[in-house]
Structure formats: structure tokens, C-alpha cells
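Written out below as C-alpha cells is the structure these notes cover.
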Amino acid sequence: MSTDAGRNLRRDAARNREQLLAAARRMFAERGPDVPLEDVAGAAAVSRTTLYRHFASREELAATVFEDNVTRIEERAATLRDHPRGAMELFDFVLDMLEHDRGLVHVLAGADIAWFTGLASRTTDAFATVLEHGRESGTVHPGVVADDVLTALRMAEVAMPAADSPGAGHRNRRARVMLHRTLFTGS
0 MSTDAGRNLR RDAARNREQL LAAARRMFAE RGPDVPLEDV AGAAAVSRTT
50 LYRHFASREE LAATVFEDNV TRIEERAATL RDHPRGAMEL FDFVLDMLEH
100 DRGLVHVLAG ADIAWFTGLA SRTTDAFATV LEHGRESGTV HPGVVADDVL
150 TALRMAEVAM PAADSPGAGH RNRRARVMLH RTLFTGS
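All residue numbers for the sequence shown refer to numbering that gives the first Met the number 0, where the first residue is 0 and numbers rise by one.
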């Protein structure tokens with residue numbers, strides 16, 4: 000194989016991978032991480048074989064897709080670390096993400112899948128720091144820990160319809176108020 004042919008093949012493989020990730024991100028956001036992989040491959044305009052050439056399992060694909068979301072949570076937590084209402088703002092930031100990405104809560108909860116465990120752990124760590132400061136400043140109820148926040152996020156997935164659903168605005172505001180009262184003071 001010539002150098003140019005090898006380079007074109009690698010470029011094609013990289014393009015296929017990016018198409019798969021974009022399609023998976025879109026499909027997971029719309030339908031959750033249990034969407035049939037045939038649908039993801041079809042949306043990416045590649046074969047299922049190509050999908051498995053890049054990702055050995057659904058979990059590996061999902062973990063790769065959701066890695067970006069967890070990184071965004073960590074970055075946001077870092078900016079809120081010393082802010083008295085940082086835990087509340089981070090919680091709202093993640094709720095905003097959940098409204099548009101229904102599959103994210105599976106990752107944040109760990110979903111009993113080994114690929115997600117590391118991502119869930121990173122999310123727990125991101126919340127732990129802002130929660131500690133929030134408890135010290137009195138904006139977080141005493142005793143609230145990161146696992147409580149992750150439980151509240153799982154509850155939000157059930158209580159809050161997707162942002163584009165009819166009536167979502169009112170229901171989502173009510174769910175936020177109820178969850179805030181559970182976790183934060185003065186909400």
C-alpha cells in the first residue's frame with residue numbers, strides 16, 4: 000500500500016469515527032443510550048461493522064460520547080469551587096444538560112456499567128468540592144453529599160421531560176424548585 004493510500008485510509012477511518020460520535024451524541028440525546036446501534040450506524044452513514052471496528056461495545060461508544068459532558072461538568076465545578084452558591088449553580092448547569100441530553104443521567108449514575116463508573120466517579124468528585132463549600136457557607140443542607148445530588152439528578156430525569164416536549168417548561172421549573180428545596184437552603 001502506498002503512503003498516500005494509507006494516509007487516505009486513515010483519514011477515512013478518522014472521518015468515520017467522527018461521524019459515529021456525532022450520530023451517537025445526537026441519538027443518545029434524543030433516545031438515550033439504549034438506542035439500537037444499527038440506528039447509530041445508519042445515522043452516521045456507516046455499516047455496523049465499521050461501528051464495531053471503532054468501538055468494541057455500546058458502553059465504549061457511550062463512554063466516549065459522554066466523556067465530553069463530564070469534562071464540561073468538571074470545568075464548571077472548577078470555576079464555582081469557591082462560590083457560596085456554587086453547588087446550586089453546578090446542579091442547575093447539569094439539569095440544563097439533562098434537559099437536552101436524556102442519556103447523560105445513566106452515565107452520571109454509573110448505570111452499573113464498568114465504562115461509566117469512572118465518569119460517574121469524576122462527576123461525584125466535581126460535586127463533592129462545591130458541596131463542601133456550600134455546606135460551610137450554609138447554602139447546602141447539612142448532610143447533603145454528592146451521592147444525594149446524583150440521586151436527585153436521576154429523579155430529575157423522570158420528573159423533567161425533554162426540553163422540546165409539550166409543557167416541559169412548567170414541569171421542569173416545578174421539578175427544579177422541588178429538588179432545590181431538598182438539597183439547598185433558601186431555595
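Even for Gly, the Cβ is constructed at its ideal location relative to N, Cα and C.
The structure presented is a predicted model; accordingly, all values stated were derived computationally and were not measured.
Our two residues, Gly41 and Phe183, have alpha carbons roughly 44 Å apart in a direct line.
Met26 and Asp147 have their C-alpha atoms spaced approximately 28 Å apart. Under the three-state reduction of DSSP, Val129 is assigned to helix. With a threshold of 16 other beta carbon atoms within 10 Å, Asp67 falls short and is exposed. Distance check between Leu178 and each of Gly168, Thr123, Asp91 and Arg134 places Asp91 closest, using alpha-carbon atoms only. Taking Asn15 as the centre and dropping the five residues before and after it, the same chain places the C-beta of Val45 and Thr49 closer than 6 Å to its C-beta, in chain order. Going by beta carbons, Gly185 and His132 fall outside the 8 Å limit. Note that the region 22-39 does not touch the region 73-81; fewer than 3 beta-carbon pairs, one per stretch, sit closer than 8 Å. Following the DSSP letters along the chain, one finds Ala55 in no alpha helix (DSSP H), marked with neither H nor E. In the structure shown, the three-state DSSP call for Val39 is helix. Between the alpha carbons of Gly142 and Met159 lies a gap of roughly 25 Å. Between Pro83 and Arg57, the alpha-carbon positions lie close to 39 Å from each other. DSSP places Val139 within a strand segment (E or B) once states are collapsed to three. Going by DSSP, His99 is part of the alpha helix (DSSP H) stretching over Gly85 to His99. By the neighbour-count definition (other C-beta atoms within 10 Å, threshold 16), Glu17 is an exposed residue. Listed in chain order, the non-local C-beta contacts of Leu60 below 6 Å within the same chain comprise Ala23 and Phe54, local neighbours out to five positions each way being set aside. In the DSSP assignment, His169 falls within the alpha helix (DSSP H) that extends over Ala167 to Leu182.
Going by beta carbons, Leu130 and Ala151 fall outside the 8 Å limit.
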